[in-house]
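Protein chains in written order, with the numbering used here: chain V, 1133 to 1385; chain D, 201 to 542.
Note that beta-carbon positions come from the ideal geometry of N, C-alpha and C, so glycine has one too.
Worksheet: the structure to be examined is printed underneath.
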Amino acid sequence: MSKEILDIQNLEMTFPNGVQALKGVSLKVYEGEFLAIIGLSGSGKSTLLRSINRLNTPTRGVISYKGSDVLKFKGREISTLRSNVAMIFQKFNLVGRNTVLTNVLMGALSRTSFFKSLFGAFAKEDVEKAYEYLKLVGLESKAKTRADQLSGGQQQRVAIARTLMQNPDILLADEPVASLDPALSHTIMDYLKQINKELGITVLCNLHHLDLVKSYSDRTIALKDGTLVFEGSPEKINEDWFKEIYGEEARKV
Amino acid sequence: MKLISKRILFDTFFNAYLFSLIYFLPMYFFAESFDKSVYLVGKTITSLFFIFVALGYVFSQLFIFVSLKTLGSLLFEPYAQYTSKFKKTFWRKCLSLIILGTLVASVVMTQASFIDLVDRDGISGAMRLFSGIFNPNFDILPKAILAIIETIYIAFLATFIAAPFAFLLSFLGAKNVMTHPTAFVCYLSLRTFLNIVRSVEPLIWAIIFSVWVGIGPFAGMMALMLHSLASLTKQYSEIVECISDGPVEGIRATGASTLQTVLFGIVPQIVLPYISFTIYRWDINVRMATVIGLVGGGGIGTMLIQYQGQALWQEVGCIVVVIAVVVWVLDTSSAYIREAIK
């Protein structure tokens, strides 16, 4: 097994409204793997991902990223962390009124000074890179189109290009295909797999569909009510594990 | 027995108002020469007020005692049960009585009179005025156009100065930006301050500034600027509060700084509505500047009040035409622009 990139210990998260989303989750993530996270809605999958890049601040525990504790980060350190740990979202989270190219360039914000970004003066190599990544996701012809004019699948590909601009070690994908046509799911998942294999970026992906989990992930963990209930190869998830993770009443789709 | 509740408080003042109507209205009708000043001076009115409130309180307790559904219970005790139909619908009788009483009182107070409306002298005066206005004297047209240009410039400068300040303040006045507890205090005090500024009519600000900086266009501009600043900040803040969080989160997750997040996550979402509101505000300011001119704020309003004072109705007619044309053009074009940049 290769080197570990994340070491999460006893992670607990209680929201201000009293909801306890994570109840002591421990887990290791290894460099270059494709890790799928499954579980019912509300089981803490999103909270776990969002804790890693500090969009959430967990109440207790340790998230060790390359040896330093993420939860002790402040200000500039958090920005650096977020630029290394990129994220894509279920709702794509692009700025709809801006062009596709501008949206991709947003990935370079953390290495651009405020005044340069104020005047849109991104470094020349960043603009070239943006075009290169747009080409990678097959959207170079749409560079000057407004982002909200693209289809959902295309928007998610722009979001992927934006994360590539960050030059990240880890990509967090929070249900990346949940608001897409099932037929398009494989396209997006293929891009994620390609990024994982060719660029060596570690991918942590929340997923709903078990068949996607089985065909794309190297390793799978399952959360239930904020605790880790399964860890291992996706092939091991048989009928019994399925009932354990999703409950007795769940049925495969 | 409860001494005080929302229902009792409401019913007390409601009853007090009803009693004062019952007390004063017959006086208006039956007293031969009803002299308000005799009945409404200092001590009399104060003691009457307390008597009515006390009576109102006693009756509100009485209504509770016999368990009648009053307006107060309708508003504040919606789930209470009542035994008979009369008790259940008592509030309707109260409400009809108060609406009827208020209607009669307002007719008396506004001295509305059909006779005045059809009075021969009055009508001939109005006809003189209308014949003047409908035969405008276009000799003063150049002067009127110069004056309305002044008005438009007053409005433009007021909007131009107010907009950038309002832009900066709008972030401080948006609940979703000011989430930190200390920031929230700042948000609350800014909102309160702006609400106070906004609740004072620009007409009053114009009077204040005409004393401060002297009568003229500058006073009018300052008045409009202050009012625009408060209104624009409020409208801008509401736009900021309505933005979707997704893009903001998307930018934040790239490792952008807070300022960059505002610049690239929030600003693109608000810039078009901002422009739209600013153009609309200029449009409103032109109309307001006309009114402000009446109290010495310069521009076409000041010119209008001068000719009106001399009863030069033909000249007034010309000014009215100029105002109407400019307001119509601005109204239509600003609506068109706002539609186009949606």
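What did DSSP end up calling D:Ile352 once you bin it into helix, strand or coil?
-> Helix, per DSSP.
Quick one: list the residues of chain D neighbouring V:Asn1225, beta-carbon separation under 7 Å, in chain order.
-> Those are Gly446, Pro447, Glu449 and Gly450, listed as they occur along chain D.
Considering V:Arg1351, what are the terminal residues of the beta strand (DSSP E) in which it resides?
-> Boundaries of the beta strand (DSSP E) around V:Arg1351: Arg1351 to Lys1356.
Just mark V:Gln1286 as buried or exposed, buried being the case when its beta carbon has 16 or more other beta carbons within 10 Å.
-> Under a 10 Å Cβ-count criterion, V:Gln1286 is classified as buried, with 16 or more other Cβ atoms of the shown protein chains found around its own Cβ.
Length of the line joining the Cα atoms of V:Ile1195 and V:Arg1289 = Rounded to the nearest angstrom, the two C-alpha atoms are 29 Å apart.
Whole angstroms is fine: what's the gap from D:Leu300's alpha carbon to D:Gly256's?
-> The alpha-carbon atoms of D:Leu300 and D:Gly256 are separated by roughly 19 Å.
Please check if any C-beta of chain D sits within less than 8 Å of the C-beta of V:Ser1111.
-> The structure shown does not extend to residue 1111 of chain V, since chain V is modelled only from 1133 through 1385, so no value can be given for it.
Roughly how many angstroms lie between the CA atoms of V:Glu1363 and D:Ala456, to the nearest whole one?
-> C-alpha separation (whole angstroms): 34 Å.
Going by Cα to Cα distance, which pick from V:Glu1307, V:Leu1180 and V:Asp1301 is closest to V:Arg1192?
-> Nearest C-alpha to V:Arg1192: V:Leu1180.
What are the start and end residues of each continuous alpha helix (DSSP H) run of 4 or more residues lying completely inside the segment 278 to 306 of chain D, in chain order?
-> Within the segment 278 to 306 of chain D, the complete alpha helix (DSSP H) runs of at least 4 residues are 285 to 288.
Can you tell me which of D:Leu303, D:Phe252 and D:Leu346 puts its alpha carbon nearest to the alpha carbon of D:Ser220?
-> Comparing alpha-carbon positions, the option among D:Leu303, D:Phe252 and D:Leu346 lying closest to D:Ser220 turns out to be D:Phe252.
Note down, in chain order, each residue of its chain lying with its Cβ closer than 7 Å to the Cβ of D:Ile466, except the 5 sequence neighbours on either side.
-> Residues Val440, Ile443 and Val448 of the same chain have their beta carbon placed closer than 7 Å to that of D:Ile466, with the five preceding and five following residues left out of the count.
Proximal residues of chain D, C-beta to C-beta of V:Asn1230 below 7 Å | Near V:Asn1230 (Cβ distances below 7 Å), the residues of chain D are Pro468.
Is the CB-CB distance between V:Val1345 and V:Thr1352 below 8 Å?
-> In contact: V:Val1345 and V:Thr1352 (Cβ atoms closer than 8 Å).
V:Leu1187 - DSSP class collapsed to helix/strand/coil | Coil at V:Leu1187, not helix or strand.
Name the residues in the segment 1291 to 1319 of chain V whose C-beta lies less than 9 Å from a C-beta of chain D; which are they?
-> The residues in question are Ala1291, Arg1294, Thr1295, Met1297, Gln1298 and Leu1304.
At what residues does the alpha helix (DSSP H) containing V:His1264 begin and finish?
-> The residue you asked about is not His; residue 1264 of chain V is Glu in the sequence shown. In the DSSP assignment, V:Glu1264 falls within the alpha helix (DSSP H) that extends over Lys1256 to Leu1268.
Just the chain V side, please: which residues come within less than 7 Å of D:Leu459 by C-beta, in chain order?
-> In chain order: Phe1246.
Determine, using beta carbons only, whether V:Gly1285 comes closer than 8 Å to chain D.
-> Cβ-Cβ to chain D under 8 Å: no for V:Gly1285.
V:Tyr1197 to V:Ile1302 span [Cα, whole Å] | Approximately 10 Å, taken between the alpha carbons.
Would you report the Cα separation of V:Asp1137 and V:Val1161, rounded to the nearest angstrom?
-> Here residue 1137 of chain V turns out to be Ile, not Asp, going by the sequence shown. Answer to the nearest angstrom: the Cα atoms are 6 Å apart.
Would you say V:Thr1334 faces chain D, with C-beta separation under 8 Å as the test?
-> Using beta-carbon distances, V:Thr1334 does not count as an interface residue toward chain D, since no partner is under 8 Å.
Selection from D:Leu357, D:Leu390, D:Tyr353 and D:Ala355 that minimises the alpha carbon distance to D:Ser370 | Minimum Cα distance to D:Ser370 is reached at D:Leu390.
By a C-beta neighbour count over all protein chains shown, 10 Å radius and 16 as the cutoff for buried, is D:Asp211 buried or exposed?
-> Sixteen is the threshold: when 16 or more other Cβ atoms of the shown chains lie within 10 Å of the Cβ of D:Asp211, as they do, the residue is buried.
Is the shortest distance between the beta-carbon of V:Gly1239 and the beta-carbons of chain D less than 8 Å?
-> Taking Cβ atoms only, chain D reaches closer than 8 Å to V:Gly1239, which makes this a yes.
Under 7 Å from the C-beta of D:Phe252: neighbouring residues of chain V | Near D:Phe252 there are no residues of chain V at all, since even the closest Cβ is about 48 Å away, more than 7 Å.
Which whole-angstrom value is the C-beta distance of D:Ile500 and D:Gly493, which I expect to be below 8 Å?
-> Right, the Cβ-Cβ distance comes to about 6 Å (below 8 Å), so this counts as a contact.
Does the separation of the CB atoms of V:Val1232 and V:Tyr1265 fall below 8 Å?
-> Not a contact, by the Cβ cut-off of 8 Å.
Can you name the start and end residues of the alpha helix (DSSP H) that D:Asp483 belongs to?
-> In the DSSP annotation of this structure, the continuous segment of the alpha helix (DSSP H) that includes D:Asp483 starts and ends at Val467 to Gly493.
Stretch pair the segment 351 to 364 of chain D + the segment 414 to 428 of chain D: three plus CB contacts closer than 8 Å | Cβ pair count under 8 Å is three or more, so yes.
Mind listing which residues of the segment 357 to 377 of chain D have their C-beta closer than 8 Å to chain V's C-betas, in chain order?
-> If the cut-off is 8 Å between Cβ atoms, the segment 357 to 377 of chain D has nothing near chain V.
For a contact meaning CB atoms closer than 7 Å, what does V:Thr1212 contact in chain D?
-> Scanning chain D for C-beta atoms nearer than 7 Å to the C-beta of V:Thr1212 yields Gly455, reported in chain order.
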